[in-house]
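**Student:**
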Amino acid sequence: MIGGNVFMPLKMPILLLIIFACVLVFLIATIILRLIMSEELIIRARMNNLISKREQVIMKSKKRKGINLTEKLSPLFKKKALIYLSNELSIAGIPLRADEFLIIWLLLTVIPAGMIFVLVKEPIVALGIAICGMVLPMVFVNRGKAKRLNMLDKQLVDALIIIGNCLKSGLTFQQAMESIARDMPEPISKEFDKVLREAKFGVTFEKALTNMVDRLNNKDVMLLVSAVLIQRQVGGNLSEILGNIAGTIKERIGIKEEVKVLTSTGRASGAVIGLLPVAAFLILMVFNPKYISAFFETSQGTTMLMVAAGMEIIGFTIVSKIVNVKF
Numbered sequence: 018m019i020g021g022n023v024f025m026p027l028k029m030p031i032l033l034l035i036i037f038a039c040v041l042v043f044l045i046a047t048i049i050l051r052l053i054m055s056e057e058l059i060i061r062a063r064m065n066n067l068i069s070k071r072e073q074v075i076m077k078s079k080k081r082k083g084i085n086l087t088e089k090l091s092p093l094f095k096k097k098a099l100i101y102l103s104n105e106l107s108i109a110g111i112p113l114r115a116d117e118f119l120i121i122w123l124l125l126t127v128i129p130a131g132m133i134f135v136l137v138k139e140p141i142v143a144l145g146i147a148i149c150g151m152v153l154p155m156v157f158v159n160r161g162k163a164k165r166l167n168m169l170d171k172q173l174v175d176a177l178i179i180i181g182n183c184l185k186s187g188l189t190f191q192q193a194m195e196s197i198a199r200d201m202p203e204p205i206s207k208e209f210d211k212v213l214r215e216a217k218f219g220v221t222f223e224k225a226l227t228n229m230v231d232r233l234n235n236k237d238v239m240l241l242v243s244a245v246l247i248q249r250q251v252g253g254n255l256s257e258i259l260g261n262i263a264g265t266i267k268e269r270i271g272i273k274e275e276v277k278v279l280t281s282t283g284r285a286s287g288a289v290i291g292l293l294p295v296a297a298f299l300i301l302m303v304f305n306p307k308y309i310s311a312f313f314e315t316s317q318g319t320t321m322l323m324v325a326a327g328m329e330i331i332g333f334t335i336v337s338k339i340v341n342v343k344f
């Protein structure tokens, strides 16, 4: 009875802390999304400069005619967040729509934490499970995306060589892309096939290529598409251009691998130093909540948690800037 009387006053503050943590994670995710989308908008602007003015006018008029009430009410969420998440899932090779993934993400966050709270009656454990449910799905998506993009970079060199040979034999660039989509493995075959399907459904070939750049946000793909669009406007020997691009991409991959080897120690140290406190804290929240209950029950503990979270974010950002070499 005494234990129950001690625990009851703590329920409401801890539940409020859980709600605050969920809102904080959502805001951080929104900020990261905005940063990613800003880089994507820069690439899209560069690609749109290669499209004719007439086509841009036609595209804008179609957008004005096709706008509906839902787009007016939620343009940011529908046009940016959901489209971005759908592209991320597609690149990662996850066969889910954005709304399906959001539902699964919500269920993984709420249901395990709710069951733990009902069965164990420990809000701290429920908070730890909820944080894991919020973080793990996107970690899974990002790992899948990074793996497939690395595969695409390596496949792109072979694809450019095949396209160059097809052009020399008299085929068009679109027919060469059909050969890549038919004969090469994923992910490059899937991405080229999307371009061809968009072109068959009425999208101009230039716009379909630009959509691929927007979807992948890859510098090598942007280099390829830029060369193709410029060649279609001003002419030139496309097979020779693609051969030079293939050599450039091959050298870039070699430099990337060398930089990756040289910075492996720093990246490993940054990952361990950054993730170890967070992992230890989550493990203690789940398996020994009484050990860290003081952080949630006192204002000093809550302040320490916020300061620690801020220092973690700052340290992780600094280490990422150091070890991530741009070239």
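The opening residue of the sequence shown carries number 18 in this note's numbering; numbering runs sequentially from there. Built from N, CA and C at the ideal position, the CB exists for glycine as well. Since the model is a prediction, treat every value here as computed from it, not as a measurement.
Taking the alpha-carbon positions, what's the A98 to L119 distance?
**Tutor:** Computed Cα separation, rounded: 11 Å.
**Student:** What does a CB cutoff of less than 7 Å around L106 pick up in its chain, not counting 5 residues either side in sequence?
**Tutor:** Non-local beta-carbon contacts of L106 in its own chain, meaning distances under 7 Å to residues more than five positions away in sequence, involve L113, A115, F118 and V158 in chain order.
**Student:** Closest to M168 by CA distance: which of E203, A143, I178 and A193 is it?
**Tutor:** E203
**Student:** What's the call for V324, buried or exposed, on a 16-neighbour Cβ count within 10 Å?
**Tutor:** Exposed, by the Cβ-count rule.
**Student:** Given a cut-off of 9 Å, decide if G145 and M321 are closer than it, judged by their beta-carbon atoms.
**Tutor:** no
**Student:** If you draw a straight line from the alpha carbon of A176 to that of A326, how long is it in whole angstroms?
**Tutor:** About 45 Å.
**Student:** Quick check on this structure: which residue in L173, V245 and K162 has the alpha carbon closest to the alpha carbon of Q191?
**Tutor:** Looking at the Cα atoms, V245 is the closest of the given residues.
**Student:** Starting from the C-beta of I270, find all residues in its chain whose C-beta is less than 8 Å away, skip the five residues before and the five after it, and write them out in chain order.
**Tutor:** Here the set comprises D170, K171 and V174.
**Student:** Buried or exposed: which applies to M29, given that a residue is buried once 16 or more other Cβ atoms fall within 10 Å of its Cβ?
**Tutor:** Low confidence applies here, because M29 scores a pLDDT of 48, under 50, leaving its location unreliable and the question unanswered by this model.
**Student:** Could you pull out every unbroken alpha helix (DSSP H) segment of at least 4 residues lying fully inside the segment 124 to 210, listed in chain order?
**Tutor:** Listed in chain order, the complete alpha helix (DSSP H) runs (minimum 4 residues) inside the segment 124 to 210 are 140 to 185 and 190 to 200.
**Student:** If you count every other CB in all the chains shown that lies within 10 Å of the CB of L136, and 16 or more means buried, which is it?
**Tutor:** exposed
**Student:** Apart from the five residues on each side of it in sequence, which residues of its chain come closer than 7 Å, Cβ to Cβ, to N228?
**Tutor:** E215
**Student:** Should M328 go down as buried or exposed, given a rule of 16 or more other Cβ atoms within 10 Å for buried?
**Tutor:** Classification for M328: exposed.
**Student:** Pick out whichever of T126, N104 and V142 has its Cα sitting closest to the Cα of I309.
**Tutor:** V142
**Student:** When the Cα atoms are used, what is the spatial distance from N104 to S206?
**Tutor:** 16 Å
**Student:** Can you tell me whether L292 is helix, strand or coil according to DSSP?
**Tutor:** helix
**Student:** For V336, which residues in the same chain have their Cβ closer than 6 Å to its Cβ, ignoring the five residues on either side in sequence?
**Tutor:** In the same chain as V336, and ignoring 5 residues on each side of it, the C-beta atoms closer than 6 Å to its own belong to G287, in chain order.
**Student:** In three-state terms, what does DSSP make of G110?
**Tutor:** coil
**Student:** Tell me which residues share the same chain as G110 and place their Cβ nearer than 8 Å to its Cβ, disregarding the 5 neighbours each side in the sequence.
**Tutor:** G161, R165, E203 and P204
**Student:** Considering only the alpha carbon of each residue, which of G150, T280 and N182 lies closest to L259?
**Tutor:** N182
**Student:** Verify whether the separation of the beta carbon atoms of M194 and F218 is less than 9 Å.
**Tutor:** No; because the gap between Cβ atoms is not below 9 Å, this pair is not in contact.
**Student:** On the CB-based measure, 16 or more other CB atoms within 10 Å of its CB, does V212 come out buried or exposed?
**Tutor:** With 16 or more Cβ atoms within 10 Å of its Cβ, V212 is classed as buried.
**Student:** What do you get for D200, buried or exposed, if any count of 16 or more other CB atoms within 10 angstroms of its CB means buried?
**Tutor:** exposed
**Student:** Using the Cβ count rule (16 or more neighbours within 10 Å means buried), how would you classify K261?
**Tutor:** As written in the sequence, residue 261 is Asn, which differs from the Lys given in the question. That one is exposed.
**Student:** By how many angstroms is the C-alpha of V152 removed from the C-alpha of I290?
**Tutor:** 18 Å
**Student:** Tell me which same chain residues have a C-beta within less than 7 Å of the C-beta of C149, skipping the five on either side of it?
**Tutor:** L299
**Student:** Name the two residues that bound the continuous alpha helix (DSSP H) containing V242.
**Tutor:** K236 to V251
**Student:** Between the beta-carbon of D237 and the beta-carbon of I272, is there less than 9 Å?
**Tutor:** no
**Student:** Would you tell me roughly how many angstroms separate the C-alpha atoms of F222 and R249, rounded to the nearest one?
**Tutor:** 11 Å
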